[in-house]
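Chains as they are written, first to last, in the working numbering: chain A, 460 to 676; chain B, 460 to 676; chain C, 460 to 676; chain D, 460 to 676. Note that the Cβ used here is the ideal one computed from N, Cα and C, for glycine as well.
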DNA sequence: CATGAATGAGAGTTCATTCAT
DNA sequence: GATGAATGAACTCTCATTCAT
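Now the structure itself:
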């Protein structure tokens, strides 16, 4: 419905860049607290300690804030993926997975509703262009990580596997952050997520809690 | 934000029950078309062919409509689960899974945005009570179905497994309905979803595309 | 820019009709007092003694109020034209003209700025359709009046003459109402307007102040 | 509403004078394109290639721009009037009139909305002082031109005649530029305007389309 | 003097909700 | 019970104006 999605003004000055960051952080807090509709731009400005006008100087409309938040999230995820990828040689797929799950859970637990919102409300927003662009980064890193471990992976179609794995990953992490199953230890939860991911990718994953075999007689 | 969540008035009369159903169906159409905020109660009333007042007679506020929609969805899923469960003796876990995936995809493809909305916006709504109650039904049936196949299932904690499986299931079906990966055949997609679910549950599932036997010696 | 121009809801009930009239009258006062931009819809509602929502129930946007005001003005002018036209047999063209000028001046003096606004800002508004439609009524009556006196009229192209006469008429009346020339008696002013109109139409009109004979052989 | 109307600073320096002119030209373009409210000072600055601050250096507020535009227009009209006046001895009143009409039409056709705006919105602006002052120049030249032809003019009150003639003139030219009657040749239109003016001034003017009888003995 | 980032009051418009009929 | 006109708080976004640099 609205057209522009990118910041009106690319912040060149250090001061502006700082301002933009301040606004994005404020938006994160506000959207996390109230959801997309509950959030309002004046509140974002207030929390950022600037005037509404300044918000609109850099973000042409409310949706642009969400887009920015999404990009922020993607940058975050890419950073994590890169770190794990850097250590990929030294890490088994399971180790890499568990590390990713653990790190992601931390991220999602700081702003659980925001993450859900990004996942759910963004697709409704227009301008798939920008979204896809940013998301592609995550897609690419993930695919790259999987490729690195292709020896262990049984799924023949790597693109499809990336797609499936990313969806599972995000959803399970969201769920664990927002509505964790009652009475489950955090480690068990992380383990379950990893199991699910590796079960699909390698089929060799399974309950390894009790290293012993035969969990069931 | 608001407090009451349950219909003000349980419709005892047949006429009322019909009215309520009409309103819920209208709500389904409107929410699917416009999303939570985009939808408005006056439009729901218009589509239902009743007055706003009548909508408020049975649904104390906008959120109550979403709750009702959620219950409708749960009823739908339960029906599907029951059908599969009824045939459980005759079906292998893989067969049951594939049937569930296929049926669910149909459902989600008729009202994709609504499903996403229910998944995403509902948790934001208050009154977890009603939600959990309805959702528990799905949880229970799923657990029951898994229990019926416990011989094949490697996950020791059935509650946790149910939790994980349900999340994966819903998310993958949503994703497949709303943003399917490009260039993937429908059957391959359904297969991938089943693989993911069974990979976690049984560890024995894997790519069976290449019909080759003995995935494992 | 906006699309709808006509009231959203044709007021069928007597109460609604009254409400619409109340709002239009309030709009007249507010627009006359503050001009198009200076006026604001909340103020219109306040003056009308209703809520903004009610204004928007009948007028989809600010412009629709101006359109309604224009229609009100046109109805007014048509009424005056009809009255004069009814007596046309008994009136000379000069008498008819002077009566029209006198009546119009009264109208314009009650809401001078509004009249100016209608004349000036309306064309900027979109939806020429509705405007032309309403305006055509005035055009038609005027042409009809001129036709009735065609014997005295020297202009060969009646459509062009109607166009020219209407413009002169409106402008001179506006001017006389809003910025009258200093030190000129009201009657002299009315006379001057009539002279201008008749000078164009009949060439026989002229200053009859000094009853002097034969202004030109 | 606001008080100051005159430039804060009379531009003495050549550079400043140039700057002021640049801004006024930009304002002309912007106001013509968007109308009074649609225009905004930042856009004017942008089009002028200067900063908003610079605009405010010379024009204390938005209205001051309109006032300046009015003065620009008046200067333009005065120039035209002077040219015709210079040739007054050699020109009949009809010739002078037709020349004025033709020249004015050219002017109004370059910036039709701006002209309308000046005519319509200016009176709403405060500070009649400055306006009248500038307008007086046009008034004076026109009166002077009429005086030069007093022999042919039948209207006894020259001030009133000037007033009436100016209003007719401006309105008919505006109308011809903005909403010309359909299907009328440009020359016929110019002729009609001249006829109207001369009909009032001399009563001897009339349709001369059919060149038939001597329009003047 | 020039700049333009920042301000913030204010405007148009929507829509969940009420309640007199 | 049903209706739907009426309400009005609240929200997004604009833009005239200022002032630190």
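Thinking C-beta only, is residue j closer than 7 Å to residue i?
{"i": "residue 623 of chain D", "j": "residue 651 of chain C", "result": "yes"}
{"i": "residue 528 of chain D", "j": "residue 486 of chain D", "result": "yes"}
{"i": "residue 518 of chain B", "j": "residue 576 of chain B", "result": "no"}
{"i": "residue 564 of chain D", "j": "residue 632 of chain D", "result": "yes"}
{"i": "residue 657 of chain B", "j": "residue 556 of chain B", "result": "yes"}
{"i": "residue 640 of chain C", "j": "residue 619 of chain D", "result": "yes"}
{"i": "residue 648 of chain A", "j": "residue 636 of chain A", "result": "no"}
{"i": "residue 511 of chain C", "j": "residue 499 of chain C", "result": "no"}
{"i": "residue 531 of chain A", "j": "residue 566 of chain A", "result": "no"}
{"i": "residue 662 of chain D", "j": "residue 662 of chain C", "result": "yes"}
{"i": "residue 544 of chain C", "j": "residue 604 of chain C", "result": "yes"}
{"i": "residue 496 of chain C", "j": "residue 638 of chain D", "result": "no"}
Count the other C-beta atoms from every protein chain shown that fall within 10 angstroms of the C-beta of residue i, then say buried if there are 16 or more, exposed otherwise.
{"i": "residue 460 of chain C", "result": "Below a pLDDT of 50, predicted positions are generally treated as unreliable, and residue 460 of chain C, at 35, falls in that range; no measurement from the model is reported."}
{"i": "residue 617 of chain C", "result": "exposed"}
{"i": "residue 569 of chain B", "result": "exposed"}
{"i": "residue 615 of chain B", "result": "exposed"}
{"i": "residue 477 of chain C", "result": "exposed"}
{"i": "residue 654 of chain D", "result": "buried"}
{"i": "residue 644 of chain D", "result": "exposed"}
{"i": "residue 675 of chain A", "result": "Confidence at residue 675 of chain A is low in this model, with a pLDDT of 41, below 50, so its placement is unreliable and the value that follows should be read with caution. Counting Cβ neighbours within 10 Å, residue 675 of chain A comes out exposed, since fewer than 16 surround it."}
{"i": "residue 642 of chain B", "result": "exposed"}
{"i": "residue 508 of chain D", "result": "exposed"}
{"i": "residue 600 of chain B", "result": "buried"}
{"i": "residue 479 of chain C", "result": "buried"}
{"i": "residue 494 of chain A", "result": "buried"}
{"i": "residue 673 of chain B", "result": "Legend: pLDDT at residue 673 of chain B = 42, less than 50; position of this residue unreliable, no value from coordinates given."}
{"i": "residue 659 of chain C", "result": "buried"}
Quick one: list the residues of chain D neighbouring residue i, beta-carbon separation under 9 Å, in chain order.
{"i": "residue 647 of chain C", "result": "616, 619"}
{"i": "residue 631 of chain C", "result": "623, 626, 627, 630"}
Cβ closer than 8 Å: which chain B residues qualify as neighbours of residue i?
{"i": "residue 640 of chain A", "result": "618, 619, 622"}
{"i": "residue 655 of chain A", "result": "623, 627, 655, 658, 659"}
Give the interface partners of residue i over in chain B, defined as CB-CB distance under 9 Å, in chain order.
{"i": "residue 486 of chain A", "result": "Those within 9 Å of residue 486 of chain A in chain B number zero; the least Cβ separation is about 17 Å."}
{"i": "residue 491 of chain A", "result": "In chain order: nothing, as chain B lies at least about 11 Å away."}
Which whole-angstrom value describes the C-beta separation of residue i and residue j, a residue pair presumed to lie in contact below a C-beta threshold of 8 Å?
{"i": "residue 513 of chain C", "j": "residue 523 of chain C", "result": "Contact doesn't hold; Cβ gap of about 14 Å is too wide."}
{"i": "residue 533 of chain B", "j": "residue 593 of chain B", "result": "5 Å"}
{"i": "residue 525 of chain B", "j": "residue 597 of chain B", "result": "With a Cβ gap of about 17 Å, residue 525 of chain B and residue 597 of chain B do not count as contacting."}
{"i": "residue 602 of chain C", "j": "residue 621 of chain C", "result": "4 Å"}
{"i": "residue 630 of chain D", "j": "residue 630 of chain C", "result": "4 Å"}
List the residues of chain D whose Cβ lies closer than 7 Å to the Cβ of residue i, in chain order.
{"i": "residue 634 of chain C", "result": "626"}
Using a C-beta to C-beta distance shorter than 9 Å, which residues of chain C count as neighbours of residue i?
{"i": "residue 579 of chain D", "result": "575, 576, 578, 579, 580"}
Kindly list, in the order they appear in chain A, the residues whose Cβ is closer than 9 Å to that of residue i.
{"i": "residue 474 of chain B", "result": "Chain A residues near residue 474 of chain B: none, gap ~34 Å exceeds 9 Å."}
{"i": "residue 651 of chain B", "result": "614, 616, 619, 620, 622, 623, 659"}
Below 8 Å on C-beta distance, what does residue i contact in chain D?
{"i": "residue 496 of chain C", "result": "495, 496"}
Which residues of chain B have a Cβ atom closer than 7 Å to the Cβ of residue i, listed in chain order?
{"i": "residue 643 of chain A", "result": "619"}
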